[in-house]
Amino acid sequence: MSETPHAPAPEARESRAESSARMLRRYGGVAFRTYGIIVAFVILVIVVSIGNPAFLSQGNIFNMLSQWAPAGIMAVGMTYVILTGGFDLSIASGYSLCAVVAAGVGILVDPAYAFMAAIAAGFVVGLLNAVLVVGVNINPFITTVGTGFILGGVTYVVTKNAAFVVPEMAFGDLGAGRWHGFPFSGMLLIAFLLVGGLVLAKTVYGEAIYAVGGNREASRLSGIRVRTVIGSTYVLSGVCMGVAGSLTASQLNSAQANLDPVIIFDVLTIVVVGGTSLAGGFGSMWRTVVGLGIIATISNGFVLLDISVFYQDIIKGSIIVGALALDVLARRVATRSGA
Amino acid sequence: MTSAAGPEAVRVEGVSKSFPGVRALKQVDFSLREGEVHGLVGENGAGKSTLIKVLTGAYTADSGRVEIFGEAVDQHGPRAQQRAGVAAIYQELTVVAEMSAASNVFLGRPMRRGPLVRRRAMERRFRELCDRLGVDIQPGARAGDLSVANQQMLEIMRALQADHRILIMDEPTASLGPNERERLYETVGRLKDERAAVIYISHDLDEVLSLCDRVSVMRDGELVSSAEVGAWDKEGLVSAMLGIELRAPPARLGAAAGEELLRVNGVSVPGKLEDISFVLRAGEIFGIAGLVGSGRTELLRALAGTQPGATGTLAMDGRTQALPRTVGRALALGIALAPEDRKGQGLVLSQNGFVNVTMTDMRGLAPGAIVRSGRRKAAAETIARSLAFDPRRLGAPTGTLSGGNQQKLVVAKWLHRRPRVLLMDEPTRGIDVGAKGEMFAVMRRLADEGMAIVMVSSELEEVVDLADRVLVLAKGRQAAILDHDELSLERVLTMTFGVDGEAAA
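So the sequences go chain by chain: A and B. Note that this note's numbering has the first sequence beginning at 68, numbered continuously upward. Note that this note's numbering has the second sequence beginning at 2, numbered continuously upward.
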């Protein structure tokens, strides 16, 4: 029928109508959303290093790398989990469990086997989470809170909260060893961040992570094995617990059930402050690097600037909430004009 | 075009599929040949979408047999079907908003070298697909920032990129403008020449009749009729779909000369709309015609208090004031908006009809802040009956209802609020012929009861048939307001394309 509105028509594309002011606002918002967090990090570093120039000394940076390696490595796994729209709140207990396994086995056998045992333990923890989240299909938040309680309880019951001290000095090489002053643990952290980032950005697997987190149903209909992809991130997070637990046990030459229950908050904060969305589908590893930098700088800077521990918490909390508020504002600017 | 009877690509025999309480497919037989475009029409809820989901493997049939290229499909799931060469463009958009346009097109099948993604190669291939479809989309653009039409193009490109032998298109043109539709038709023709097999689902019967070689009609889960396109005309299709003789469209009652209700003055939205003014009378249906991107949605949103940056004034009952800044202010003035996106903005899909209908106004239903379910039920049922919506269906989660029924509930929830001006954005998008007729009757009745209705629709025929007066928008400017005796499809059509189009016509 000739009078139906299918006739060829002059260009009427939406983009033509966009005024340049709107474009500026929109892309300004996008740029801010992308790079705002880096600016915040740089300012923080400048402030702290003016307050105490020792902050940027090689020794201090090496120490920070070593100190933050366990949390940073777990943040790599957590980045994957969060990008798929999930959560892993079992990492604090899982991390203690793996450290205890490393120390307990390390008392008996060669350190290398001890660390392998810890990583295997982490793998099993991750597999358990994966089965519950994608196999049984329980909400990941609840699942991992639950498995966290179970793992923590098991560790207490088995060890009776006794500290496992490893007499073998070679056990400490992984965590405390250095090459020309550069700590092995820091190298391990950098390697995890680098490889984790490349896999996310460059591989088919990474592409699938973003797709699943961004739109699960669309991914399923496109033939992505959604449950396998999601499950794999929990296993990865478990392996990261194993590595992190090994590092800490090695650094301390011992481990105990109540190792560091609040490390979960550090790890979540590292990922989220960088700008990776808790809703899934948006984020990247460099954001986790920046998040780690910010959290480490705050903690270390407070010590160097001799600020009371109570003020630390207030300032830390404010920076976290502030960073997220800025992210939300940037998104609003970026999407409002796009709607 | 002569229909080329190639070998069979798809054969479906006696397929049935039930969902709790519904038999969605009953003993369906269907076949699709290579080099054929096979139209599939039917009312919403007739089973078309279920049938294609069985073909793509998104659903597993309860009984019956599905063969693809002569091989029985016993392994199910979208992956198996993709390997067998089936690609589908779904009615609901399935883009991943946070990913780039190119990544969306290659979703699930990125071009790769070993485990690595070949982004450059994907962008090159993306640009080729863009050229083929005549669209201009940046491969790196965030998919969520694209217009609905461009997102739809991404879906189409996704199906094309893998060179599948069998393509299923479910309402591919629903959100496309005229240009993009033409390009799509050309592409379908080319696919056909390349001996691909295409299943084409659409509510636009003219489109189906001009594009397809064979047309099958579904009704209530059964495939009631299937014949070469030459055997069909529009009336035949409609009566086969409805199972009855074609109902006459509701006659227009002529411009109701009610009192002035709302005067809109100089509404502008930077970059979208410029200086729109009109007067709305009680008892009339006021149409807004324009292309996608002409600013019609922004105009409705400006009146409803949901368009940031809108400027201008309005006068309700003669009192001039600024445009409402919030939905609450608009509702206080008596202006309600039934949005285009039923699923995203219209309904809480996980909740039932009672909750959805009454959520616009709980005053009177919850004295002392405690919800009285009896009162809620009574209120919702009264409105449902007035819209010819079966009240027994109010208890079902609204996500399980057909598009036509969902649309009725969107209208119902705003009627519950008793607005004086009801703005309706695409009230008939994606709903079938029968439900459209009912929706038109409802709109006319509401107007007769003294409400003013403002309606936006991409189907210009609808606007011309139904509206008493029509405001034509072209590129954000007010091209004209046509009275009912000046209305004709050609006139509105030329005007929507702006001054150039009119000069050429």
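Virtual Cβ for every residue (Gly too), placed ideally from N, Cα, C.
Asked, Found
"9 Å Cβ cut-off: residues of chain A touching Tyr91 (chain B)", "Ala285 and Leu288"
"Chain-ordered neighbours of Val271 (chain A) on chain B, where CB pairs are closer than 7 Å", "Pro111, Arg113, Pro116 and Val118"
"CB of Ser344 (chain A) within 9 Å of CB of Glu99 (chain B), strictly", "yes"
"Residue environment, His39 (chain B), which counts as buried when at least 16 other CB atoms sit within 10 Å", "buried"
"Closer than 9 Å at the beta carbon, the chain B residues around Phe208 (chain A)", "Those within 9 Å of Phe208 (chain A) in chain B number zero; the least Cβ separation is about 18 Å."
"Segment contact flag, the stretch 209-216 of chain B with the stretch 226-244 of chain B, C-beta cutoff 8 Å, min 3 pairs", "yes"
"Min CB distance Ala258 (chain A) to chain B below 9 Å", "no"
"CB contact flag (Val97 (chain B), Val13 (chain B), <9 Å)", "no"
"Buried versus exposed call for Thr307 (chain B) [16 or more other C-beta atoms within 10 Å across all chains shown]", "buried"
"Test item: CB-CB of Arg128 (chain B) and Pro140 (chain B) under 9 Å", "yes"
"Beta-carbon proximity list for Leu359 (chain A), same chain, < 7 Å, skipping 5 on both sides", "Trp135, Gly139, Ala142 and Ile337"
"Ser385 (chain A) (DSSP reduced to helix, strand or coil)", "helix"
"Residue-level contact to chain A via CB, Leu130 (chain B), 9 Å cutoff", "no"
"Ordered list of alpha helix (DSSP H) runs contained in the stretch 198-276 of chain B, each at least 4 residues", "206-212 and 235-243"
"Val330 (chain A) - DSSP class collapsed to helix/strand/coil", "According to the sequence shown, residue 330 (chain A) is Ile rather than Val. Of the three classes helix, strand and coil, the one that applies to Ile330 (chain A) here is helix, per DSSP."
"Alpha carbon of Val221 (chain A) to alpha carbon of Thr361 (chain B), nearest angstrom", "51 Å"
"Proximal residues of chain B, C-beta to C-beta of Tyr277 (chain A) below 9 Å", "Val97, Glu99, Met100 and Ser104"
"Buried or exposed (CB count within 10 angstroms, at least 16 for buried), Thr146 (chain A)", "buried"
"Contacts around Pro137 (chain A), its chain only, beta-carbon distance under 6 Å, and the 5 residues preceding and following it disregarded", "Ala311, Leu314 and Thr315"
"Cutoff 7 Å; reference Ala448 (chain B); Cβ partners in own chain excluding five residues on either side", "Ala257, Gly284, Glu285, Ile286 and Ile454"
"Cβ neighbour criterion (16 or more within 10 Å) applied to His417 (chain B)", "buried"
"C-beta neighbour in chain A for Leu108 (chain B), strict 9 Å", "yes"
"Within-9 Å CB hit, Ile140 (chain A) to chain B", "no"
"CB contact below 9 Å: Ser344 (chain A) versus chain B", "yes"
"Partners in chain B for Asn204 (chain A), counting only beta-carbon separations shorter than 7 Å", "Those do not exist, as Asn204 (chain A) stays about 17 Å from chain B at its closest Cβ, beyond 7 Å."
"Chain B within 9 Å of Ile149 (chain A), Cβ atoms only", "no"
"Cβ-based neighbour list, Asp486 (chain B), same chain, cut-off 6 Å, excluding 5 preceding and 5 following", "none"
"First through last residue of the beta strand (DSSP E) which encompasses Lys18 (chain B)", "Glu9 to Phe20"
"Residues of its chain near Met158 (chain B), where Cβ-Cβ distance is below 6 Å and the 5 sequence neighbours each way are ignored", "Val106 and Leu130"
"Short CB-CB distance (under 9 Å) between Phe231 (chain A) and chain B", "no"
"Under 9 Å from the C-beta of Ala59 (chain B): neighbouring residues of chain A", "Arg287 and Leu288"
"Gly280 (chain A) at chain B interface by Cβ criterion, 9 Å", "yes"
"Cross-chain neighbours of Ile291 (chain A) in chain B, by beta carbon under 7 Å", "Gly109"
"Partners in chain B for Gly341 (chain A), counting only beta-carbon separations shorter than 8 Å", "Going along chain B, no residue has its Cβ under 8 Å from Gly341 (chain A), so there is no contact; the nearest lies around 15 Å."
"Buried/exposed call for Asp391 (chain B), threshold 16 Cβ in 10 Å", "exposed"
"Which residues DSSP lists as bridging Arg34 (chain B), in chain order", "B:Glu9"
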